[in-house]
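Per this note's numbering, the sequence shown starts with residue 2, numbered consecutively. Using N, Cα and C, we set each Cβ at its ideal position, and we do this for glycine too. Since the structure is predicted, the reported quantities are computational estimates derived from the model, not experimental observations. Encoded as structure tokens, the structure appears first; notes follow it.
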Amino acid sequence: MILRWVRFKYKSGSILLDNQQQGHEVYSYINIGSIESFRDYYDEYEDLTLDVYEHWEEEKWVDVSSGRWQEFILDILAPDLLDKGIDGFFVDNCDVYYQYPEKEIFEGLTVIMKGLIATGAEVVVNGGDAFVTAYTDEGGDADDIITGINQESVLTSIDWDEEEFHEAAADDEEYFKDYIETYADDGIDIYLLEYTDDPLLSMKIRRYCKAHGFKYYISDSLELDL
């Protein structure tokens, strides 16, 4: 079985069916913490936007404490994706809580993530360490809000200015390994997305993931070339 992360709002049903018939599980990308200017609903929710997302000028963080935004995600966007037959959600930008570590943002994310879990679909968060850790530190169980974690750049790093890939700094590697291994011990599925064109570093990634039973994808391009 192979997992496919898909921006399914822009894909046809035949692509979903083809992948599932081949034994793949298809998870739809769903952006809950920011909004891109190309989205057809951007104008309707632009008044809820916060600062521009660093390195992605066409994208802005969203005030997830807004009931309007929560209702859009849980009552419109998520059901529309589920109606298409997806197997789960690939949830991006819970890192809005890292950018805005406020009680209202935390509570808004909690409402949204619990709402996604309540659908019965798989819920894989992309990163989200600040929020997930805060939630469990408050006494919650990780599986209240997620079934999996996809963590980018655990053993690698990106130099955005030079558009180059490098090995991760030792303290960053230690931090993210601790994060994913902690929740793996709680039964959360772990996926790594690493960026490198270094064969030796790629081997290190493969060995680490094999030792821990983690799934992984190694890309030599930010575009992933899937």
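Residue environment for PHE39: exposed (fewer than 16 other C-beta atoms within 10 angstroms of its C-beta). Partner residues in a beta bridge of ASP138, as assigned by DSSP, do not exist. Residue ILE36 holds the alpha-carbon nearest to the alpha-carbon of VAL53 among ILE36, SER67, GLY68.
Remark: fewer than three beta-carbon pairs, one from each stretch, lie closer than 8 Å, so the region 53 to 66 and the region 79 to 88 are not flagged as touching. Rounded to the nearest whole angstrom, the CA to CA distance from GLU45 to LYS104 is 25 Å.
Counting only runs of 4+ residues, the alpha helix (DSSP H) found wholly inside the region 143 to 218 occupies 171 to 185, 200 to 213, in chain order. The beta carbons of CYS95 and GLY34 sit closer together than 7 Å.
For ASP88, no alpha helix (DSSP H) segment is defined, and its DSSP state is neither H nor E.
By DSSP's assignment, ASN32 forms a beta bridge with ASP93. Distance from the Cα of PHE73 is smallest, within the candidate group ARG207, TYR42, THR137, for TYR42. ALA185 and ILE191 have their C-alpha atoms spaced approximately 6 Å apart. A residue is called buried when at least 16 other Cβ atoms come within 10 angstroms of its Cβ; ILE77 does not meet this threshold and is exposed.
Closest in C-alpha terms to LEU223, from the list TRP161, LYS211, VAL27, comes TRP161. Excluding sequence positions up to five before and after PHE166, its CB lies within less than 8 Å of the CB of THR157, SER158, ILE159, ASP160, TYR196, THR197, ASP198, ASP199, ASP221, all in the same chain and listed in chain order. Nearest C-alpha to ILE150 among HIS56, GLU123, SER203: GLU123. Taking each of ASP138, THR120, ASP88 in turn and checking the Cα distance to PHE107, the smallest one comes out for ASP138.
With 16 or more neighbouring CB atoms inside 10 Å of its own CB, GLY89 falls in the buried class.
The beta carbons of PHE91 and VAL133 sit no closer together than 7 Å.
In the three-state reduction of the DSSP assignment, VAL125 falls in the strand class.
Between ALA131 and TYR99, the gap from beta carbon to beta carbon is short of 7 Å. Note on geometry: alpha-carbon atoms of CYS210 and LYS85 lie some 32 Å from one another.
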